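Asker: This note's numbering numbers the first residue of the sequence shown as 1122 and each following residue consecutively.
Here it is, the structure, as structure tokens.
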Amino acid sequence: MHFTTETSLNGVVERNFTLGQITGVLWSPASGSAGAPLILLGHTGGLHKKAPGICIRAQHYVSAYGFTVAAIDAPGHGDRPRNAQDQQWVAALLQVRAAGEPIGPIIIDYNSSLAERAVPEWQATLDALQALPEIGEQAPIGYGGMTLGTATGVMLAAAESRIAAANFGTVFVYEALTDAASRITIPIEFLLAWDDEEIDRHAGLALFDAFASTEKTMHANPGRHNQVPGFEVDSSARFFARHLGAA
């Protein structure tokens, strides 16, 4: 892991890093992070590791709860170039969206591919983060993400025993995703935009039902696609503090 830049503002230290082809960012308290939970944040499709929603959550988690937070660019997002297949998916998505046709089938194929590629990258990132003395192998780990971030996170949590709690949201659902959810038993907090115009609410309900967790909570809020009320940021932080502890 190579840190490329470092800035500090309002008690939050932000460090950009590279790990091979992976590009990421780590936020931590300026006062130190020994013993703090580590929260991994997955961005939505078409965005990147420093999307506004990611930065807002990261800064709140660090400044109000003392967490350490990491995010990486998904393959073909942010600072990472798209491969030829990704470019074809994006072109097809723009075409069907412009024509007013359903985007679900394309998003499912694209998200499935991205999640499959992102899981080993997150695992490599987690290995490198745990090797840092300020984090270490004992830091409890959580994951949060919406849409593509959920698709990636569900696959990651099913494969990775180090993740102890997760905050997910609505996503286009496919068989491999529900199969992975059926193997997840950690505490789950799930966000659902009840009036989502792109993803049928029943997809979110089906995924929520698929989780094998004995502790899982759904927060269904009025609103359209990706309209998450601001208070859910602190709700997710309190969820992680309850299950992972605090610094």
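Beta carbons: idealized from backbone N, C-alpha and C, even for Gly.
If you're wondering where the values come from, they're calculated on a predicted model, not measured in any experiment.
Where DSSP assigns a beta bridge to A1191, which residues make up the other side?
Answerer: Bridge partners of A1191: L1147, L1161.
Asker: Taking buried to mean at least 16 other C-beta atoms within 10 Å of its own C-beta, is A1195 buried or exposed?
Answerer: Buried is the call here.
Asker: Give the straight-line distance between the Cα atoms of L1250 and I1256, rounded to the nearest whole angstrom.
Answerer: Straight-line Cα distance between these residues: approximately 7 Å.
Asker: Let me know the secondary structure DSSP gives Y1186 once reduced to three states.
Answerer: The answer is helix: DSSP assigns Y1186 an H, G or I state.
Asker: Rounded C-beta distance between A1276 and L1313? I'm assuming under 8 Å.
Answerer: At residue 1276 the sequence reads Met, which differs from the Ala that was named. So it is not a contact: roughly 20 Å between Cβ atoms.
Asker: Give the straight-line distance between the Cα atoms of F1315 and P1254, rounded to the nearest whole angstrom.
Answerer: Here residue 1315 turns out to be Trp, not Phe, going by the sequence shown. Rounded to whole angstroms, W1315 to P1254 spans 43 Å at the Cα level.
Asker: DSSP three-state call for L1168: helix, strand or coil?
Answerer: In this structure, L1168 counts as coil in the three-state DSSP scheme.
Asker: Counting beta carbon pairs with one atom in the stretch 1179-1186 and one in the stretch 1280-1296, are three or more of them shorter than 8 Å?
Answerer: Contact fails: fewer than three Cβ-Cβ distances are below 8 Å.
Asker: With distances taken from CA atoms, which of G1167, F1124, G1174 is nearest F1352?
Answerer: If we check each option's Cα against that of F1352, G1174 comes out closest.
Asker: Let's see if you can read the secondary structure: which residues bound the alpha helix (DSSP H) around I1229?
Answerer: Per DSSP, I1229 belongs to the alpha helix (DSSP H) from 1225-1251.
Asker: Quick one: give me the first and last residue of the beta strand (DSSP E) that E1296 is part of.
Answerer: Where E1296 is concerned, there is no enclosing beta strand (DSSP E), although the alpha helix (DSSP H) it sits in stretches over 1296-1302.
Asker: Would you report the Cα separation of S1356 and K1171, rounded to the nearest angstrom?
Answerer: Taking the straight line from one Cα to the other gives about 21 Å.
Asker: Give every residue of the same chain whose Cβ lies closer than 7 Å to the Cβ of S1129, excluding the five residues on either side of it in the sequence, and list them in chain order.
Answerer: Counting only Cβ-Cβ distances below 7 Å, and skipping sequence neighbours, we find A1151.
Asker: Name the DSSP beta bridge partners of G1266, please?
Answerer: Partner(s): G1163.
Asker: Exposed or buried, which one is L1328 when buried takes at least 16 other CB atoms within 10 Å?
Answerer: Buried, by the Cβ-count rule.
Asker: Exposed or buried, which one is A1372 when buried takes at least 16 other CB atoms within 10 Å?
Answerer: A question about residue 1372 goes unanswered here, because the residues of the chain that appear run from 1122 up to 1368.
Asker: Closest to Y1295 by CA distance: which of E1135, G1221, R1201, S1233 is it?
Answerer: Minimum Cα distance to Y1295 is reached at S1233.
Asker: Taking a contact to mean a Cβ-Cβ separation below 8 Å, would you say F1332 touches A1297 in this structure?
Answerer: Cβ distance not < 8 Å, so F1332 and A1297 don't count as in contact.
Asker: Would you mind stating whether I1262 and F1293 have Cβ atoms separated by less than 8 Å?
Answerer: Cβ distance not < 8 Å, so I1262 and F1293 don't count as in contact.
Asker: At what residues does the alpha helix (DSSP H) containing H1364 begin and finish?
Answerer: 1352-1365 is the extent of the alpha helix (DSSP H) around H1364.
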